[in-house]
Amino acid sequence: MLQNDLNITETLDVNALWERQDTMAVFSVLIMVVILFGNGTVVISIIRYQHLRTPTNHFVLTLALTDIMLALSLPYHTVSYVHPFLTKQKYACLWRYISFLLPCGTSQTHVLAITLDRYLSVVHPLHYSSLMSTKKVFIISGLLWLYSSVLGFVPFYWNYWDGHSACNLNIVFPVGYMIILVVQFFFISIIVIILYLKVFAIAKRLQKGILKPNNDITPGPTKKKFKNSRSLLLYGIVVCFFCFLWTPFFTVVLIQMLWFNNNALLIFGRGFTLLGLTTSITNPVTYVFLNKGFHKAYRDMFHLKKKNIFVKKQQGLPHADFIKISSYNGNLQ
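Numbering-wise (our numbering), the sequence shown opens with residue 156 and increments by one.
Right, here's the structure in full:
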């Protein structure tokens, strides 16, 4: 009787485990599809439409590409979690984390690049085109990719793999290396937040017209002088979301490496990884709602053409024989 109870318990445990693993696999695939679709449209938009090929959007393009790389790493990472025997080989285990950390690190450096780009556009508007020329942007992006790639592949040569321990990040990767990654993230986050606080402070003073002429910040009509305030808001949301939503993940990594590690932290770590990945989903949505260029490109790609409905003039309406009302797909706006 006892043996039968044990068999039933084991069967239930196995079934529960498979159900949890299946749920995780399906959820990961859904996240991957959403990220690929959203960021794929961003990449296509920037490549296809001339008006989107700006210095800032080159960094946005790279950010979208790194999000795609993160999405493509999800299936392997999920399969490795569901079937740990796949990571019994050294480089298979290392690649499980490198394929995730490398694009994440590249995203961090390009978030910093976007912030510096916006900072220069506000502080030095007259010299911005020369400071951030197309050639310089490509050089900066190339150097950032090189730096991130070198740092990302370091664990192939510096690791604690022994063939017997489990393929866990805090076991296989050296503490020193992980501290470098954590310090880099928090350093970039602090710089980004400080620069954007300064940018928004300047923007607010410009809009109020109380900023005194300084360097190449010159007086003039507020609308003309600061017509890119919407752009600042857009990229401010993108970079701040990135910093805030990835902070819990890197905080847990730091705690695991320096103080203690337990199963609860592993669970939190996986949850915070998904939290960080939400930035890869929200970025394309943010571009659409806050950037008219992307909005126009998306509308064209998905054939959401404007329909003009002409309504006959009635008494008391403006001087026109007809009033034009724009709508999408027949819905009046």
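All C-beta atoms, glycine included, are put in the ideal place defined by N, C-alpha and C.
Minimum C-alpha distance to residue i - residue among the options
| i | options | result |
| --- | --- | --- |
| T437 | F182, L191 and S304 | L191 |
| F444 | F427, F399, S386 and S435 | S386 |
| Q339 | Y252, H206 and F405 | F405 |
| V278 | G391, A358 and Q411 | A358 |
| Q269 | M287, A180, R203 and W313 | Here the sequence assigns Ile to residue 269, which means Gln is not the residue at that position. Closest by alpha carbon: M287. |
| T264 | V347, L361 and W316 | V347 |
| S235 | L218, S183 and I295 | S183 |
| L306 | T261, L267, W316 and A219 | T261 |
| L409 | W316, S285, R203 and L336 | L336 |
| L267 | I349, Q411 and D317 | I349 |
| T428 | P280, S285, N323 and F255 | F255 |
| S228 | S304, I186, Q244 and R203 | I186 |
| Q244 | S285, L281 and H319 | H319 |
| Y274 | R203, Y390 and Y315 | Y390 |
Alpha-carbon spacing of residue i relative to residue j, whole angstroms
| i | j | result |
| --- | --- | --- |
| R454 | L241 | 43 Å |
| D272 | T211 | 7 Å |
| S276 | Y283 | 5 Å |
| G431 | M456 | 28 Å |
| Q205 | A226 | 27 Å |
| P397 | S344 | Per the sequence presented here, residue 397 reads as Phe, with Pro not at that position. Cα-Cα distance, rounded: 9 Å. |
| K353 | Y442 | 23 Å |
| I294 | W300 | 10 Å |
| F341 | F308 | 21 Å |
| I223 | W313 | 27 Å |
| T217 | G297 | 10 Å |
| A180 | H213 | 33 Å |
| T434 | L400 | 7 Å |
| T289 | T402 | 32 Å |
| Y302 | A219 | 18 Å |
| I392 | R208 | 20 Å |
| D317 | I334 | 21 Å |
Beta carbon of residue i nearer than 9 Å to that of residue j
| i | j | result |
| --- | --- | --- |
| V292 | Y351 | no |
| T233 | P258 | no |
| P239 | A321 | yes |
| P310 | Y231 | no |
| V215 | I201 | yes |
Interface flag, residue i vs chain D, CB-CB below 9 Å
| i | result |
| --- | --- |
| W250 | Here chain D cannot be found, since the structure has a single protein chain. |
Unbroken alpha helix (DSSP H) run spanning residue i, endpoints
| i | result |
| --- | --- |
| Q244 | Counting along the chain, Q244 falls outside any alpha helix (DSSP H), and DSSP gives it neither H nor E. |
| F311 | From DSSP, F311 is part of no alpha helix (DSSP H); its letter is neither H nor E. |
| L225 | P210 to V237 |
| A452 | K447 to M456 |
| N325 | L324 to V327 |
| S285 | Y283 to L286 |
Any contact of the region 430–450 with the region 190–208, i.e. 3+ C-beta pairs under 8 Å? The region 430–450 is in contact with the region 190–208.
Does the region 325–339 touch the region 247–263, meaning 3 or more C-beta pairs lie closer than 8 Å? Result yes; three or more Cβ-Cβ pairs closer than 8 Å.
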